[in-house]
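Residue 1 is where the sequence shown starts when you use full-length UniProt numbering, and the numbers rise one by one after that. Down below is the structure, laid out as structure tokens.
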Amino acid sequence: MDLTAGARYTATGKRKSAVARVILTPGTGQYTIGGKGLEEYFPRHALQRTIRQALEVVGYDTQLDVVARIHGGGVSAQAGALRHGISRALIVAQPGLRGELKKRGFLTRDSRVKERKKAGLKKARKRPQFSKR
Numbered sequence: 001m002d003l004t005a006g007a008r009y010t011a012t013g014k015r016k017s018a019v020a021r022v023i024l025t026p027g028t029g030q031y032t033i034g035g036k037g038l039e040e041y042f043p044r045h046a047l048q049r050t051i052r053q054a055l056e057v058v059g060y061d062t063q064l065d066v067v068a069r070i071h072g073g074g075v076s077a078q079a080g081a082l083r084h085g086i087s088r089a090l091i092v093a094q095p096g097l098r099g100e101l102k103k104r105g106f107l108t109r110d111s112r113v114k115e116r117k118k119a120g121l122k123k124a125r126k127r128p129q130f131s132k133r
């Protein structure tokens, strides 16, 4: 991987309705998400671990900085979108990492989204209470 000062690798990650635009640059392993640090934007340790997985698997967790802009979705979906975006940016930077990332499922876009509400129902599948009389 080209770790010169001017290298920038960009990608987009998605999960549910969250979209993360990610830029990887050579650095010290800093995360900047919407102008905030990783711990400030995602206070839950489980979500932080999810986000860090892709870089830790390939061993670049202390060599690349991550700058991201995220919109849509909830916190868990945003974390998943960020991991997906980081994984795709790593493929742009070094195509040889594809096999390892794909094996762990980081490149698969989780296509599960909320089902639409149907007419006559309270939610997508929840029915109104039945009254016999």
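Even for Gly, the Cβ is constructed at its ideal location relative to N, Cα and C.
Alpha carbon of residue i to alpha carbon of residue j, nearest angstrom
i           : j          : result
lysine 36   : arginine 8 : 20 Å
valine 113  : serine 17  : 7 Å
alanine 20  : alanine 5  : 23 Å
arginine 44 : glycine 74 : 13 Å
From the options, residue whose alpha carbon lies closest to that of residue i
i            : options                      : result
lysine 117   : Pro128, Leu107, Arg15        : Pro128
alanine 89   : Gln30, Phe130, Phe106, Ala77 : Phe106
proline 95   : Gly74, Lys123, Arg69, Val58  : Val58
arginine 68  : Ala46, Phe42, Tyr60          : It should be pointed out that residue 68 corresponds to alanine in this sequence rather than to arginine. The shortest Cα separation from alanine 68 among Ala46, Phe42, Tyr60 belongs to Phe42.
leucine 3    : Tyr60, Phe130, Lys132        : Tyr60
arginine 109 : Ala46, Gly85, His71          : Gly85
serine 111   : Ala77, Val92, Glu40          : Ala77
Opening and closing residue of the beta strand (DSSP E) in which residue i lies
i           : result
leucine 64  : 64-71
lysine 14   : 9-15
alanine 119 : Neither: alanine 119 is in no beta strand (DSSP E) and is coded neither H nor E.
alanine 5   : Alanine 5 -> no beta strand (DSSP E), and no H or E assigned at all.
Residue i, enclosing alpha helix (DSSP H) - first and last residue
i           : result
valine 57   : 45-58
arginine 98 : 98-103
Integer-rounded CB distance, given that residue j should sit under 8 Å from residue i
i            : j          : result
threonine 50 : glycine 29 : Actually they are not in contact, since the Cβ atoms of threonine 50 and glycine 29 sit about 16 Å apart, beyond 8 Å.
residue 137  : leucine 64 : With the chain covering only 1 through 133, there is no way to say anything about residue 137.
Beta-carbon gap between residue i and residue j smaller than 9 Å
i         : j          : result
valine 66 : leucine 24 : yes
serine 87 : glycine 13 : yes
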